[in-house]
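Protein sequences, first through last, are from chains A and B.
Okay, so the first sequence: first residue is 6 according to my numbering, each after it adds one.
Okay, so the second sequence: first residue is 6 according to my numbering, each after it adds one.
Glycine is no exception: its CB is placed at the ideal position from the N, C-alpha and C atoms.
Read through the structure below, which is laid out as structure tokens, and then see the notes.
2 protein chains.
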Amino acid sequence: MTRNRRSSQRVTMGEVAQLANVSPSTVSLYLRRPDEVSSRRAEKIQSAIDRLGYLPNTMAGGLASSRSHVIGVLVPTITNSFFSETLETLERHLRSAGYQLLIGNTEFDDSREEELIRSILSWNPAGLVLTGFLHNRKSLSLLANNDTPIVEMWDYGQPGLDMVVGFSHHACGRLVAEHMLRQGRRRMAFVSTNFQRDVRAGDRYRGFRDTVEAAGGTVELRELSGRSHAEETGRLTQALMQDHPETEAIACSNDMVALGVMMECQRHNWPIPGRIALAGFGNLDFTTSTVPPLTTIEPPRREIGQHTARLLLACLASELPEAEKRLDLGVRLVERDSA
Amino acid sequence: MTRNRRSSQRVTMGEVAQLANVSPSTVSLYLRRPDEVSSRRAEKIQSAIDRLGYLPNTMAGGLASSRSHVIGVLVPTITNSFFSETLETLERHLRSAGYQLLIGNTEFDDSREEELIRSILSWNPAGLVLTGFLHNRKSLSLLANNDTPIVEMWDYGQPGLDMVVGFSHHACGRLVAEHMLRQGRRRMAFVSTNFQRDVRAGDRYRGFRDTVEAAGGTVELRELSGRSHAEETGRLTQALMQDHPETEAIACSNDMVALGVMMECQRHNWPIPGRIALAGFGNLDFTTSTVPPLTTIEPPRREIGQHTARLLLACLASELPEAEKRLDLGVRLVERDSA
DNA sequence: AATTAAAATCGTAGCGCTACGATTTTAACG
DNA sequence: CGTTAAAATCGTAGCGCTACGATTTTAATT
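In structure tokens form, the structure reads like this:
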């Protein structure tokens with residue numbers, strides 16, 4: 006039978022074996038567990054590999070062993086230093102253990118998430134990393150029919166499907182609220198990206214509001230129509246201050262929103278923190294460079310990646326006790342001049 | 006023979022075929038080219054798939070067809086809106102054509118790039134996307150022994166390995182220089198991230214310097230030790246102004262550096278653009294929000310992703326004429342108040 | 001009803017590798 | 001030097017799918 010092949014005929018393990026005068030099994034063994042092959046053969050095999058420029062065929066290996074060294078990771082967007090730093094760290098740690106990341110963008114859309122889960126499961130992944138707890142019904146049933154280890158990251162406080170690595174967004178809101186209350190502020194506002202889109206911003210809001218209200222303060226909510234957008238943030242801030250000129254503090258769902266608010270305050274000559282205390286979330290690069298520097302919350306971006314990798318690897322090695330499957334990494338208030 | 010299997014036995018195509026009362030070949034055909042299967046069988050097959058929750062095994066398919074729907078993409082870092090936006094766009098376009106991205110971080114290190122190329126080639130990818138023209142000798146020989154279509158992106162002006170989608174960094178430097186010259190500035194400086202790490206910053210510098218010097222101006226160069234870092238940028242700026250108080254304009258290798266410079270100027274009360282004209286590169290989010298808003302260069306982040314996908318798909322469909330393999334997307338000067 | 005071409009379906013032979021038991025080689029010891 | 005266990009190597013049988021020619025079914029036409 007003639008099959009159409011790619012013109013650049015790939016070198017197979019058999020050809021390496023032939024050149025090294027051993028059986029293909031030995032080559033395979035050498036590649037998988039080099040110390041179980043005598044050093045004499047090991048050298049011969051390695052030199053054959055080098056001479057032929059042999060590259061193993063991952064697909065064939067994966068099929069034969071019915072497991073892959075692929076870990077699927079779904080994030081809402083990689084265009085965001087939160088997730089991209091987590092991804093980078095995760096990638097580094099998993100790659101050094103021989104795993105390959107398959108990254109998918111859900112775009113904050115759960116039907117897209119479902120589609121991506123389907124696509125990733127078709128790779129027979131060794132593990133799966135999801136962002137947050139929100140998955141639609143079909144996704145859940147796909148995952149239920151599958152014993153792949155799963156980490157849900159960037160959140161904490163719900164049971165979760167399997168492992169959980171993150172922090173409480175409610176606590177973030179609380180931390181900011183407590184800080185502002187400590188400074189004697191009572192009339193507050195929360196300017197936020199859209200809750201529909203970013204459910205965790207909603208949790209931060211509720212943490213903030215609950216804490217402020219419990220202390221006898223008030224919170225005005227202003228929600229953007231989508232992701233943080235400088236112009237819309239400016240408009241919203243202006244309207245907020247027009248309706249509630251008594252506002253003494255504004256917490257924002259993230260630093261980009263806070264920057265937008267800061268610029269609008271600057272435009273109107275409302276001193277920060279003199280008239281308005283301002284805080285963000287995320288501790289993005291630029292927050293040290295604004296005038297005044299922005300008080301914000303530092304989420305454990307890289308730690309999430311690192312611990313997700315650790316838990317996943319431990320779980321794959323079947324040495325992760327049930328009790329250590331959930332990890333709250335906590336957050337830190339970065340106190341600067343704006344609040 | 007007993008093999009150890011994963012506990013969650015995956016449903017195979019054969020089982021779907023059995024339930025639908027057709028041969029496995031027909032199921033395969035239905036999955037690959039549904040319109041070549043009669044609608045009667047199609048329905049039966051689809052319902053069997055749904056009932057069993059069948060997910061195709063990508064590895065088996067890839068092995069049998071000896072091609073995969075994987076596209077490898079190597080970027081220096083995904084922690085950077087330049088590349089992450091390109092990646093996001095690229096992913097969207099390629100996924101809708103049925104391809105899966107395999108993303109690797111080279112960390113601006115060519116031996117890491119080599120390792121990643123090796124790892125990605127072992128997937129038998131349908132295509133490969135690299136950042137820039139700089140690859141080490143071994144990488145080049147790996148790629149030479151392989152007929153995978155390759156796009157080199159985010160640069161333009163060198164022959165390249167196969168396809169090229171990007172823009173000229175030299176032209177970026179020139180554009181900024183021309184703008185500043187037009188405003189009568191002559192004594193200039195360039196503050197930059199490390200050239201070793203980011204070779205393209207070096208091209209922007211040379212474009213800037215050549216243009217300024219050709220017009221009779223001068224350019225002082227200050228290079229950071231690594232990536233943009235607010236504190237070091239501040240120190241460098243202060244030293245620059247101490248050594249060359251006559252400096253009238255500072256161009257920066259990117260917006261983060263420009264922000265650092267701006268903050269240092271603010272600290273010393275050096276008015277921008279009154280005393281110093283300032284320009285960056287990248288048109289990052291925050292550049293509209295600084296005071297004054299930053300003049301910068303807008304690189305075609307998303308367009309690079311889009312056109313890379315287009316060229317790759319056309320090439321895979323063997324319908325890309327040689328003449329269209331190289332694409333200069335150009336850049337735009339975003340003129341704001343800082344210069 | 002017979003003929004024929006087109007459409008739909010099927011059977012077979014791998015894709016390149018790994019798992020695992022079988023076999024061979026090596027080393028250790030009395 | 002013979003015996004035995006351990007170490008190293010090998011052969012075989014798939015992994016789940018696709019390609020492609022062979023076969024069957026369907027439809028169109030006489």
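Next on the checklist: Tell me the rounded alpha-carbon separation between residue 65/B and residue 208/A.
Outcome noted: CA-to-CA, the gap between residue 65/B and residue 208/A works out to about 43 Å.
Checklist entry - Do the CB positions of residue 284/B and residue 295/B come within less than 7 Å of each other? => result Not a contact, by the Cβ cut-off of 7 Å.
Item to check | For residue 17/A, three-class secondary structure by DSSP | outcome: Looking at residue 17/A - three-state DSSP - the assignment turns out to be coil, as it is neither helix nor strand.
Checklist entry - What is the rounded straight-line gap between the Cα of residue 91/B and the Cα of residue 122/A? => result Each residue's alpha carbon lies about 23 Å from the other.
Checklist entry - Are residue 211/A and residue 224/A closer than 7 Å when you measure CB to CB? => result Not closer than 7 Å, so no.
Next on the checklist: Can you find the residues in the same chain that come closer than 6 Å, C-beta to C-beta, to residue 106/B, ignoring five residues on each side of it along the sequence?
Outcome noted: Excluding positions up to five away in sequence, the list reads 76, 78, 96.
Checklist entry - Between residue 183/B and the rest of its own chain, which residues show a CB-CB distance below 8 Å, the 5 nearest in sequence each way excluded? => result Hits under 8 Å: 216.
Item to check | residue 197/B - DSSP class collapsed to helix/strand/coil | outcome: Note: residue 197/B maps to strand in three-state DSSP.
Checklist entry - Along the chain, where does the alpha helix (DSSP H) that runs through residue 255/B open and close? => result Looking at the DSSP string, residue 255/B is not in any alpha helix (DSSP H); the run it does join, the beta strand (DSSP E), is 254-257.
Next on the checklist: Considering Cα atoms alone, identify which of 315/A, 88/A, 308/A, 338/A is closest to residue 329/A.
Outcome noted: When each option's Cα is compared against that of residue 329/A, the closest is 315/A.
Next on the checklist: Looking at the strands, I want to know which residues DSSP matches up with residue 228/A.
Outcome noted: In DSSP, residue 228/A forms a bridge with 197/A.
Checklist entry - What does a CB cutoff of less than 6 Å around residue 15/A pick up in its chain, not counting 5 residues either side in sequence? => result In the same chain as residue 15/A, and ignoring 5 residues on each side of it, no C-beta atom comes closer than 6 Å to its own.
Checklist entry - Mind listing which residues of the stretch 254-280 of chain A have their C-beta closer than 8 Å to chain B's C-betas, in chain order? => result Under the 8 Å Cβ criterion, the stretch 254-280 of chain A contributes 261, 264, 265, 267, 268, 271.
Next on the checklist: Can you look up residue 114/B in the DSSP assignment and give me helix, strand or coil?
Outcome noted: Residue 114/B falls in the coil class under three-state DSSP.
Checklist entry - Enumerated in chain order, which unbroken segments of the beta strand (DSSP E) with a length of 3 residues or greater are wholly contained in the stretch 126-214 of chain B? => result Correct list: 132-136, 155-158, 168-171, 192-197.
Next on the checklist: Please report the straight-line C-alpha distance between residue 198/A and residue 333/B, rounded to a whole angstrom.
Outcome noted: Cα-Cα distance, rounded: 36 Å.
Checklist entry - Checking contacts by CB at 7 Å: is residue 342/A closer than that to chain B? => result Closer than 7 Å: no.
Checklist entry - Between residue 237/A and the rest of its own chain, which residues show a CB-CB distance below 7 Å, the 5 nearest in sequence each way excluded? => result Within the same chain, 229, 230 come within 7 Å of residue 237/A by CB-CB distance, once the 5 residues on both sides are set aside.
Item to check | residue 186/B versus residue 72/B: straight-line alpha-carbon distance, rounded | outcome: Taking the straight line from one Cα to the other gives about 54 Å.
Checklist entry - What whole-angstrom Cβ distance do residue 31/A and residue 45/A have, given they're in contact under 8 Å? => result About 11 Å; that fails the 8 Å criterion.
Checklist entry - Between the stretch 187-197 of chain B and the stretch 242-258 of chain B, do three or more beta carbon pairs fall short of 8 Å? => result Between the stretch 187-197 of chain B and the stretch 242-258 of chain B there are three or more inter-stretch CB-CB distances shorter than 8 Å, so the stretches are counted as touching.
Checklist entry - Mind checking if residue 64/A is an interface residue toward chain B, Cβ cutoff 7 Å exclusive? => result Yes, its Cβ sits closer than 7 Å to a Cβ of chain B.
Next on the checklist: Starting from residue 296/B, trace the alpha helix (DSSP H) in both directions and tell me its first and last residue.
Outcome noted: Going by DSSP, residue 296/B is part of no alpha helix (DSSP H) at all; its letter is neither H nor E.
Next on the checklist: Could you compute how far the alpha carbon of residue 266/B sits from the alpha carbon of residue 292/A?
Outcome noted: Roughly 15 Å between the two C-alpha positions.
Checklist entry - Which residue's Cα is closest to the Cα of residue 305/A: 279/A, 324/A, 336/A, 318/A? => result For residue 305/A, the nearest C-alpha among the options comes from 336/A.
Next on the checklist: Residues of chain A with CB closer than 9 Å to the CB of residue 128/B, please, in chain order.
Outcome noted: Those are 62, 63, 64, 105, listed as they occur along chain A.
Item to check | residue 83/B at chain A interface by Cβ criterion, 7 Å | outcome: It does; some Cβ of chain A falls within 7 Å.
Checklist entry - Excluding the five sequence neighbours on either side, which residues of its own chain have a C-beta within less than 7 Å of the C-beta of residue 137/A, listed in chain order? => result Correct list, in chain order: 157, 159, 160, 204, 205.
Checklist entry - What are the boundary residues of the alpha helix (DSSP H) that includes residue 53/B? => result For residue 53/B, the enclosing alpha helix (DSSP H) starts and ends at 44-57.
Checklist entry - How should residue 226/B be labelled, buried or exposed, when 16 other C-beta atoms within 10 angstroms of its C-beta is the threshold for buried? => result Label assigned to residue 226/B: exposed.
Item to check | Coarse secondary structure for residue 281/A, derived from DSSP in three states | outcome: Secondary structure at residue 281/A: coil, using DSSP grouped into helix, strand and coil.
Next on the checklist: For residue 48/A, count the other beta carbons within 10 Å of its own beta carbon; 16 or more makes it buried, fewer makes it exposed. Which is it?
Outcome noted: Residue burial annotation: residue 48/A is exposed, with fewer than 16 other C-beta atoms found within 10 angstroms of its C-beta.
Checklist entry - What do you reckon, are the CB atoms on residue 134/A and residue 331/A nearer than 7 Å? => result Their beta carbons are not under 7 Å apart, which means residue 134/A does not touch residue 331/A by this criterion.
Next on the checklist: For a contact defined as C-beta to C-beta under 7 Å, what are the partners of residue 290/B on chain A?
Outcome noted: Within chain A, the residues near residue 290/B are 261.
Item to check | Proximal residues, the stretch 311-331 of chain B versus chain A, C-beta separation under 9 Å | outcome: Cβ contacts with chain A come from no residue of the stretch 311-331 of chain B.
Checklist entry - DSSP on residue 307/A, reduced to helix/strand/coil? => result When secondary structure is reduced to three states using DSSP, residue 307/A falls in the helix class.
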